[in-house]
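A quick write-up on the structure given underneath.
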Amino acid sequence: VPGRDDPQAKRSTLGDARLTQERTLRSLRDIIDRYSVFRRDWELVNMTAFTGMLAVRQNRLQEQSDQYATEPDAAAETLTKATSRRQAKVVELSGLAANAFAGMAERSGDVQPVLLESFGVAAGDLVAPELKSALQQSTELSRDGSWQTASEHQAVAARKLDDIYAALEAAQ
78 VPGRDDPQAK RSTLGDARLT QERTLRSLRD IIDRYSVFRR DWELVNMTAF
128 TGMLAVRQNR LQEQSDQYAT EPDAAAETLT KATSRRQAKV VELSGLAANA
178 FAGMAERSGD VQPVLLESFG VAAGDLVAPE LKSALQQSTE LSRDGSWQTA
228 SEHQAVAARK LDDIYAALEA AQ
């Protein structure tokens, strides 16, 4: 506006800027709406498989802990840190999956009631004290190199995740 001397030109420039802002806001709202639909559809299609991946990952961690317990020399400090980080990632991802399933359970209209119920159950099971405790203790014990005890807790967590995945698969 500073380059415009005429009041009419200044008003015109400000009007153009206002129209540009309104177009930008409409465009951003459209992007957000489309992203929400994309995310909802992505969760519906992929969260069951994602939970299956968590179960497989937890089973592998449990098998590795069994191996490290029988071969103590193989379980160097590097392995304890790496295993602990991977176990902590399972804890984090299971929490995110619980949030996704909780959101999916609240939908209506576009999803069958049987699926909505299974999503709600999965959300509750993923934050159940027994699973959370087993996952957290597995993380701490693998960080300490207590492989046998870690393996026991990992086995509990793996069974729980397998059960959640099986229930989701059965509902679909």
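Numbering-wise (our numbering), the sequence shown opens with residue 78 and increments by one.
From the three backbone atoms N, C-alpha and C, an ideal C-beta is built for every residue, glycine too.
- Shown here, R137 sits in a helix according to DSSP, grouped into three states.
- Within the same chain, and ignoring the five residues on either side of L170 in sequence, the residues whose Cβ sits closer than 7 angstroms to its Cβ are L131.
- In this structure S195 is buried. Its beta-carbon is surrounded by 16 or more other beta-carbon atoms within 10 angstroms.
- By the Cβ test, the stretch 196-207 is not in contact with the stretch 136-156, since fewer than three Cβ pairs between them sit closer than 8 angstroms.
- Listed in chain order, the non-local C-beta contacts of R134 below 7 angstroms within the same chain comprise V167, local neighbours out to five positions each way being set aside.
- Taking a C-beta distance under 8 angstroms as the contact criterion, D143 and S215 do not qualify as a contact pair.
- The beta carbon of R163 lies closer than 8 angstroms to those of R134, L138 in the same chain, with the five residues before and after it left out.
- Nearest to A177 by C-alpha distance, out of D187, L121, K158, G129, is L121.
- Between Q231 and A179, the alpha-carbon positions lie close to 24 angstroms from each other.
- With fewer than 16 other beta carbons inside 10 angstroms of its own, I108 counts as exposed.
- Classified as buried, G222 has 16 or more neighbouring CB atoms from the shown chains inside 10 Å of its CB.
- Between A165 and A243, the alpha-carbon positions lie close to 23 angstroms from each other.
- In this structure, the beta-carbon distance from L238 to T226 does not fall below 8 angstroms.
- Comparing C-alpha distances from A159 to each of R220, S89, L91, R95 shows the shortest one belongs to R220.
- Assigned with DSSP and collapsed to three states, R236 falls in helix.
- In the three-state DSSP reduction, Q225 falls in the helix class (H, G or I).
- Around the beta carbon of L102, a 10 Å sphere encloses fewer than 16 other beta carbons of the protein chains shown; the residue is thus reported as exposed.
- With contacts defined as CB atoms closer than 8 angstroms, L173 and R184 fail to qualify as a contacting pair.
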